[in-house]
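Protein chains in written order, with my numbering: chain A, 8 to 397; chain B, 8 to 397. C-beta: ideal position from N, C-alpha, C; glycine also.
Number of protein chains: 2
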Amino acid sequence: MTTPFPANSVGLVTPHTIHFEEPLELACGRVLPHYQLMVETYGELNHAATNAVLICHALSGHHHAAGYHSPEDRKPGWWDNYIGPGKAIDTNRFFVVALNNIGGCHGSTGPRTENLATGKPWGRDFPPLRARDWVHSQARLAAKLGINQWAAVVGGSLGGMNAMRWALEYPDRVRHCVVIASAMKLSAQNIAFNELARSAIKSDPDFHDGDYLSHDTLPRQGLALARMIGHVTYLSDELMGTRFGRELRQGTFERGMEQPIEFQVESYLRHQGDVFSEVFDANTYLLMTKILDYFDLAREYDDDPVTAFRHALSKFLVISFTSDWRFSPERSREIVDALIAANRDVVYANIESNLGHDAFLLPNARYEAVFKSYMDNVARESEQLLRNAG
Amino acid sequence: MTTPFPANSVGLVTPHTIHFEEPLELACGRVLPHYQLMVETYGELNHAATNAVLICHALSGHHHAAGYHSPEDRKPGWWDNYIGPGKAIDTNRFFVVALNNIGGCHGSTGPRTENLATGKPWGRDFPPLRARDWVHSQARLAAKLGINQWAAVVGGSLGGMNAMRWALEYPDRVRHCVVIASAMKLSAQNIAFNELARSAIKSDPDFHDGDYLSHDTLPRQGLALARMIGHVTYLSDELMGTRFGRELRQGTFERGMEQPIEFQVESYLRHQGDVFSEVFDANTYLLMTKILDYFDLAREYDDDPVTAFRHALSKFLVISFTSDWRFSPERSREIVDALIAANRDVVYANIESNLGHDAFLLPNARYEAVFKSYMDNVARESEQLLRNAG
Numbered sequence: 008m009t010t011p012f013p014a015n016s017v018g019l020v021t022p023h024t025i026h027f028e029e030p031l032e033l034a035c036g037r038v039l040p041h042y043q044l045m046v047e048t049y050g051e052l053n054h055a056a057t058n059a060v061l062i063c064h065a066l067s068g069h070h071h072a073a074g075y076h077s078p079e080d081r082k083p084g085w086w087d088n089y090i091g092p093g094k095a096i097d098t099n100r101f102f103v104v105a106l107n108n109i110g111g112c113h114g115s116t117g118p119r120t121e122n123l124a125t126g127k128p129w130g131r132d133f134p135p136l137r138a139r140d141w142v143h144s145q146a147r148l149a150a151k152l153g154i155n156q157w158a159a160v161v162g163g164s165l166g167g168m169n170a171m172r173w174a175l176e177y178p179d180r181v182r183h184c185v186v187i188a189s190a191m192k193l194s195a196q197n198i199a200f201n202e203l204a205r206s207a208i209k210s211d212p213d214f215h216d217g218d219y220l221s222h223d224t225l226p227r228q229g230l231a232l233a234r235m236i237g238h239v240t241y242l243s244d245e246l247m248g249t250r251f252g253r254e255l256r257q258g259t260f261e262r263g264m265e266q267p268i269e270f271q272v273e274s275y276l277r278h279q280g281d282v283f284s285e286v287f288d289a290n291t292y293l294l295m296t297k298i299l300d301y302f303d304l305a306r307e308y309d310d311d312p313v314t315a316f317r318h319a320l321s322k323f324l325v326i327s328f329t330s331d332w333r334f335s336p337e338r339s340r341e342i343v344d345a346l347i348a349a350n351r352d353v354v355y356a357n358i359e360s361n362l363g364h365d366a367f368l369l370p371n372a373r374y375e376a377v378f379k380s381y382m383d384n385v386a387r388e389s390e391q392l393l394r395n396a397g
Numbered sequence: 008m009t010t011p012f013p014a015n016s017v018g019l020v021t022p023h024t025i026h027f028e029e030p031l032e033l034a035c036g037r038v039l040p041h042y043q044l045m046v047e048t049y050g051e052l053n054h055a056a057t058n059a060v061l062i063c064h065a066l067s068g069h070h071h072a073a074g075y076h077s078p079e080d081r082k083p084g085w086w087d088n089y090i091g092p093g094k095a096i097d098t099n100r101f102f103v104v105a106l107n108n109i110g111g112c113h114g115s116t117g118p119r120t121e122n123l124a125t126g127k128p129w130g131r132d133f134p135p136l137r138a139r140d141w142v143h144s145q146a147r148l149a150a151k152l153g154i155n156q157w158a159a160v161v162g163g164s165l166g167g168m169n170a171m172r173w174a175l176e177y178p179d180r181v182r183h184c185v186v187i188a189s190a191m192k193l194s195a196q197n198i199a200f201n202e203l204a205r206s207a208i209k210s211d212p213d214f215h216d217g218d219y220l221s222h223d224t225l226p227r228q229g230l231a232l233a234r235m236i237g238h239v240t241y242l243s244d245e246l247m248g249t250r251f252g253r254e255l256r257q258g259t260f261e262r263g264m265e266q267p268i269e270f271q272v273e274s275y276l277r278h279q280g281d282v283f284s285e286v287f288d289a290n291t292y293l294l295m296t297k298i299l300d301y302f303d304l305a306r307e308y309d310d311d312p313v314t315a316f317r318h319a320l321s322k323f324l325v326i327s328f329t330s331d332w333r334f335s336p337e338r339s340r341e342i343v344d345a346l347i348a349a350n351r352d353v354v355y356a357n358i359e360s361n362l363g364h365d366a367f368l369l370p371n372a373r374y375e376a377v378f379k380s381y382m383d384n385v386a387r388e389s390e391q392l393l394r395n396a397g
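This is the structure in structure tokens:
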């Protein structure tokens with residue numbers, strides 16, 4: 008049989024909804040009485056369950072990390088560059104679990120799903136979350152899938168924070184922690200950019216203080232602007248210069264011509280914003296940016312990352328990108344320094360790239376080589392553990 | 008007599024409105040039938056008019072560059088750090104002219120002033136402007152003040168673009184051109200940030216497609232957000248870290264506490280935005296950001312800055328700041344390289360500072376030393392020319 012998909016793709020995939028009836032106590036003190044997670048898996052779990060890899064998504068991510076949802080689907084999952092047969096996260100060797108986190112808007116319990124207590128969508132009343140809430144909900148998912156210990160927990164950006172929190176909350180259930188383009192906490196500038204995005208959403212009169220669903224509307228303009236703000240900070244100055252420069256989309260600078268002049272970069276950004284505002288939920292965006300802002304790896308470890316990482320038992324791979332100014336290499340080096348001071352095993356690579364923060368999603372030969380070589384070792388270790396389990 | 012002002016201040020100053028009845032042909036092809044400029048001057052023009060310095064303002068600037076408007080005034084003009092008796096631009100030696108440019112909202116002809124053809128404020132119908140339109144209107148101001156040649160035309164940021172355009176439009180009327188924290192043209196990223204600000208303004212339902220005055224309202228939220236976006240990019244990551252870090256203004260991260268958590272940096276930004284939205288005009292903000300975006304020093308010189316600068320007859324001082332990522336030192340070095348290749352006299356200093364783009368407004372010993380030493384030479388030259396004029 009021929010397939011319409013590339014040979015190194017996981018091909019057609021189907022998301023599953025998994026229900027959890029046990030109440031989930033949240034860091035804020037409130038309780039989710041029950042919840043569901045939208046999940047995709049790729050590859051096969053071996054009988055000793057030694058080869059499971061958890062993928063943690065970033066701000067606007069979800070469960071669809073690799074493969075295609077239909078034969079007509081032109082666009083694969085968001086991390087298809089690095090998940091698939093023979094790829095860095097090799098689905099011939101690993102059982103890969105990707106999910107939409109709680110608070111999300113792609114099928115997991117979040118502001119868009121029904122609050123059974125009211126019979127209406129949660130909307131703005133959805134409880135505030137922390138990365139640790141995600142970790143706890145993911146731990147239950149692992150249990151349900153028969154996974155006692157992850158071969159690796161892997162994430163980029165906010166997903167990297169999620170992965171580090173795993174290594175501290177359940178040290179004996181994570182063998183490797185892969186932290187890409189991330190940080191132990193956001194800087195004031197990072198928080199400022201998130202606040203700009205939130206202000207954009209809240210300023211939209213269609214936001215209705217978060218209650219837009221009751222008003223049968225969506226704060227499209229605000230969400231589009233929020234995404235535009237984020238997007239500019241995910242790209243590098245150099246990349247924008249190379250890709251758009253000062254090229255015009257319409258108009259001319261000739262003397263006496265008064266029709267509107269529009270730069271390509273303006274039209275590109277507006278398009279990105281408009282597309283995003285049709286598929287994403289504004290309350291989820293607010294909630295996710297707050298999780299980012301509030302994350303502080305060492306807060307409960309005397310504000311000392313070395314003390315924090317002494318609790319970890321896993322080994323670490325840390326990757327940063329030279330042109331990433333939202334989560335700069337300096338932030339990754341702080342993670343590495345703390346891991347070394349805590350006497351933990353860590354491999355670190357700072358990858359030359361002009362693609363900014365988004366580099367962690369995009370093809371890059373050296374990034375792939377480092378990532379794949381590390382994960383191949385993880386796979387060998389998983390296979391050895393399987394043999395040991397007999 | 009004692010004054011309530013610091014000894015090195017120009018003290019009490021009074022702005023003047025100067026009317027121009029001669030039509031001004033604009034780069035866009037339209038004509039301003041007449042216009043007025045709001046102007047402040049400090050110091051005395053000598054009888055040969057050899058000591059006049061023109062101050063060109065940046066995006067949100069105006070004519071009030073130094074001194075105080077009343078004895079109760081607590082806040083001096085925007086460049087009081089560098090204009091005054093004994094300061095870099097020494098008002099004991101120079102006659103300093105500062106103005107609000109056309110298109111502005113501080114008393115010069117702009118979107119807020121009356122269009123005599125309609126009897127209503129210009130609003131969104133104010134013609135689009137280029138930096139050269141400012142230069143031409145300023146040239147008439149010079150003529151009216153009896154200034155045939157500026158000792159120096161000085162500007163930071165957008166004001167630096169204005170100053171460079173002077174050196175090309177009227178080469179024999181500028182002896183020195185001082186270009187601080189500026190660029191020969193914006194990068195795609197710069198344009199993107201300006202477009203975010205414009206989108207914020209246009210998304211505000213009170214903007215009414217620019218016709219808010221007819222609706223007796225102001226797009227306050229949109230303008231505030233635009234300013235917040237700009238402000239984040241004028242500060243450095245390091246400065247925001249030092250000044251705000253992750254300090255909280257309200258709330259706590261303790262488990263079970265669900266009251267809102269707010270970082271200091273969020274509240275600071277919102278305050279900046281709110282204050283700005285009360286004093287600035289949204290149509291002016293749109294117009295000024297477009298002047299920035301459209302400025303391209305060499306466009307009409309075969310896109311070659313060396314060819315462009317060969318038309319200049321002035322000497323140049325170029326200053327940049329290490330942590331300025333909106334108008335980075337690289338942009339200033341491009342100016343310097345082009346000037347050198349064009350065989351022009353140029354002094355360049357890259358000033359160590361963690362204050363970002365706003366550094367050009369703020370106290371800095373080395374910046375002041377470089378700036379003052381250059382301007383003192385300009386003053387000596389002006390005094391020599393006066394002696395020669397007998």
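Use the C-beta contact count for Lys322(B): other C-beta atoms within 10 angstroms, 16 or more gives buried, fewer gives exposed.
Along the second sequence, read from residue 1 onward, the residue named residue 322(B) stands at position 315. With 16 or more other Cβ atoms inside 10 Å of its own Cβ, Lys322(B) counts as buried.
In angstroms with no decimal places, state the Cα-to-Cα distance between Ser221(B) and Ala199(B).
As a position in the second sequence, residue 221(B) is number 214, starting the count at 1. As a position in the second sequence, residue 199(B) is number 192, starting the count at 1. Near 30 Å, if we compare the C-alpha coordinates of Ala199(B) and Ser221(B).
Report the three-state DSSP secondary structure of Glu273(B) (helix, strand or coil).
The residue given as residue 273(B) occupies position 266 in the second sequence. Here Glu273(B) sits in helix by DSSP.
At a CB-CB cut-off below 7 Å, which residues of chain A make contact with Tyr308(B)?
As a working mapping, residue 308(B) is identified with position 301 in the second sequence. Chain A residues near Tyr308(B): none, gap ~13 Å exceeds 7 Å.
Assign His23(A) to one of three DSSP states: helix, strand, or coil.
In the first sequence, residue 23(A) corresponds to position 16, counting from 1. The answer is strand: DSSP assigns His23(A) an E or B state.
Would you grab the beta carbon distance between Leu232(A) and Ser206(B) for me? Rounded to a whole angstrom, and I think it's under 8 Å.
By one-based count along the first sequence, residue 232(A) stands at place 225. By one-based count along the second sequence, residue 206(B) stands at place 199. Leu232(A) to Ser206(B), Cβ: 5 Å. Contact.
Should Pro267(B) be labelled buried (16 or more other beta-carbon atoms within 10 Å of its own) or exposed?
Mapped onto the second sequence, residue 267(B) falls at position 260. Per the 10 Å Cβ criterion, exposed.
Mapping DSSP to helix, strand and coil, what is Asp97(A)?
Position 90 of the first sequence, counted from the first residue, corresponds to residue 97(A). Three-state DSSP puts Asp97(A) in a strand.
Take Ile96(A) as the anchor and find which of Val160(A), Met235(A), Gly130(A) has the nearest alpha-carbon.
Within the first sequence, residue 96(A) is the residue found at index 89, counting from 1. Among Val160(A), Met235(A), Gly130(A), the Cα nearest to that of Ile96(A) is on Val160(A).
How many angstroms separate the CA atom of Gln271(B) from the CA atom of Phe251(B)?
Residue numbering aside, residue 271(B) sits at position 264 when the second sequence is read from its first letter. Residue numbering aside, residue 251(B) sits at position 244 when the second sequence is read from its first letter. C-alpha separation (whole angstroms): 6 Å.
If we count the other Cβ atoms within 10 Å of its Cβ and call it buried at 16 or more, is Ala2(B) buried or exposed?
For chain B, the structure presents residues 8 to 397; residue 2(B) sits outside this window and is missing.
So which of Pro83(B), Tyr308(B), Trp129(B) has the shortest CA-CA distance to Tyr402(B)?
No answer is possible for residue 402(B): it lies beyond the span of chain B, which begins at 8 and ends at 397.
By alpha-carbon positions, which one of Gly114(B), Tyr49(B), Asp211(B), Asn384(B) ends up nearest to Val17(B)?
Residue mapping note: residue 17(B) aligns to position 10 of the second sequence, counting from 1. The shortest Cα separation from Val17(B) among Gly114(B), Tyr49(B), Asp211(B), Asn384(B) belongs to Tyr49(B).
Determine, for Ala391(B), whether the minimum Cβ-Cβ distance to residues of chain A falls below 7 Å.
Position 384 of the second sequence holds residue 391(B). Inspection of the sequence shows that residue 391(B) is occupied by Gln rather than by Ala. By this cut-off, Gln391(B) is not an interface position.
Pair within 7 Å by beta-carbon distance, Leu61(A) and Met295(A):
Working through the first sequence from its first residue, we reach residue 61(A) at position 54. Working through the first sequence from its first residue, we reach residue 295(A) at position 288. Not closer than 7 Å, so no.
Using a Cβ cut-off of 8 Å, which residues of the segment 198-215 of chain A contact any Cβ in chain B, in chain order?
Ile198, Ala199, Phe200, Glu202, Leu203, Ser206, Ala207, Ser210, Asp211, Pro212
For Leu368(B), decide whether its Cβ has a neighbour in chain A, counting only Cβ atoms nearer than 7 Å.
Here residue 368(B) corresponds to residue number 361 of the second sequence, with the count starting at 1. Output row for Leu368(B): interface = no.
Quick check on Pro312(A): buried or exposed, where buried means 16 or more other Cβ atoms within 10 Å of its Cβ?
As a first step, residue 312(A) is located in the first sequence; it is residue number 305 there, counting from the start. The residue is buried, with at least 16 neighbouring Cβ atoms inside 10 Å.
Would you tell me roughly how many angstroms separate the C-alpha atoms of Phe27(A) and Ser243(B), rounded to the nearest one?
Locating residue 27(A) in the first sequence gives position 20, where the first residue counts as 1. Locating residue 243(B) in the second sequence gives position 236, where the first residue counts as 1. Cα to Cα, the separation comes out at about 45 Å.
Report the neighbours of Gln257(A) on chain B: residues whose CB is nearer than 7 Å to its CB, in chain order.
Within the first sequence, residue 257(A) is the residue found at index 250, counting from 1. Near Gln257(A) there are no residues of chain B at all, since even the closest Cβ is about 14 Å away, more than 7 Å.
For a contact defined as C-beta to C-beta under 8 Å, what are the partners of Tyr301(B) on chain A?
Taking the second sequence and counting its residues from 1, the one referred to as residue 301(B) is at position 294. Ordered by position in chain A, the residues that pass the 8 Å Cβ test against Tyr301(B) are Phe260, Ile268.
Is the shortest distance between the beta-carbon of Ser16(B) and the beta-carbons of chain A less than 7 Å?
The residue you call residue 16(B) lines up with position 9 of the second sequence. Judged by the 7 Å Cβ criterion, Ser16(B) is not in contact with chain A.
7 Å Cβ cutoff, Asp244(A) in contact with chain B:
Translated into positions along the first sequence, residue 244(A) becomes position 237. For Asp244(A), the closest Cβ of chain B is nearer than 7 Å.
Neighbour flag for Val185(B) against chain A, beta carbons, 7 Å
Taking the second sequence and counting its residues from 1, the one referred to as residue 185(B) is at position 178. No, no contact with chain A.
When we look at the beta-carbon of Gln257(B) and count the other beta-carbons within 10 Å, is it buried (16 or more) or exposed?
Stepping through the second sequence from its first residue, residue 257(B) is reached at position 250. Looking at its Cβ environment, which holds fewer than 16 other Cβ atoms inside 10 Å, Gln257(B) is exposed.
Straight-line Cα distance separating His183(A) from Ala151(A)
Walking along the first sequence from the start, residue 151(A) turns up at place 144. Walking along the first sequence from the start, residue 183(A) turns up at place 176. Rather than Ala, the amino acid found at residue 151(A) in this sequence is Lys. Taking the straight line joining both Cα atoms gives about 21 Å.
Could you please give the first and the last residue of the uninterrupted alpha helix (DSSP H) stretch that includes Ile358(B)?
Numbered from 1 along the second sequence, position 351 holds the residue referred to as residue 358(B). From DSSP, Ile358(B) is part of no alpha helix (DSSP H) but of the beta strand (DSSP E) over 353-358.
Cutoff 8 Å; reference Leu255(A); Cβ partners in own chain excluding five residues on either side
In the first sequence, the residue the question calls residue 255(A) occupies position 248. Setting aside the 5 residues that flank it on each side, Leu255(A) is surrounded in the same chain by Ile268, Glu269, Phe270, Gln271, each with a C-beta closer than 8 Å to its C-beta; the list follows chain order.
Along chain A, in chain order, which residues have C-beta atoms closer than 8 Å to that of Val239(B)?
Against the second sequence, residue 239(B) aligns to sequence position 232. Correct list: Gln196, Ala199, Phe200, Leu203.
Who does Pro128(B) pair with in a DSSP beta bridge?
For the purposes of this step, residue 128(B) is taken as residue 121 along the second sequence, with counting starting at 1. According to DSSP, Pro128(B) bridges with Glu121(B).
Could you tell me which chain B residues have their CB closer than 7 Å to the CB of Gln228(A), listed as they occur along the chain?
Residue 228(A) sits at position 221 when you count from the first residue of the first sequence. Residues of chain B passing the Cβ test: Ser210.
For Leu246(A) versus Gly363(A), is the C-beta distance shorter than 7 Å?
By one-based count along the first sequence, residue 246(A) stands at place 239. By one-based count along the first sequence, residue 363(A) stands at place 356. Taking 7 Å as the Cβ cut-off, Leu246(A) and Gly363(A) qualify as a contacting pair.
Pick from Ala55(A), Thr24(A), Ser144(A): whose alpha carbon is nearest that of Glu390(A)?
On the first sequence, position 383 is the one that residue 390(A) refers to. Answer by Cα proximity: Ala55(A).
Would you list, in chain order, the members of the segment 96-117 of chain B that have their beta-carbon closer than 7 Å to a beta-carbon of chain A?
Against chain A - using a Cβ distance shorter than 7 Å - the segment 96-117 of chain B contributes no residues.
How many Å lie between Met8(A) and Asp383(A) at the Cα?
As a first step, residue 8(A) is located in the first sequence; it is residue number 1 there, counting from the start. As a first step, residue 383(A) is located in the first sequence; it is residue number 376 there, counting from the start. Here Met8(A) scores only 49 on pLDDT, less than 50, and its place in the model should not be relied on; the value that follows carries that caveat. Rounded to whole angstroms, Met8(A) to Asp383(A) spans 29 Å at the Cα level.
Other residues of its chain near Asn290(A): CB distance less than 7 Å, five sequence neighbours each side excluded:
Your numbering for residue 290(A) matches position 283 in the first sequence. Contacts found: Pro118, Gly130, Arg131, Phe133, Gly217.
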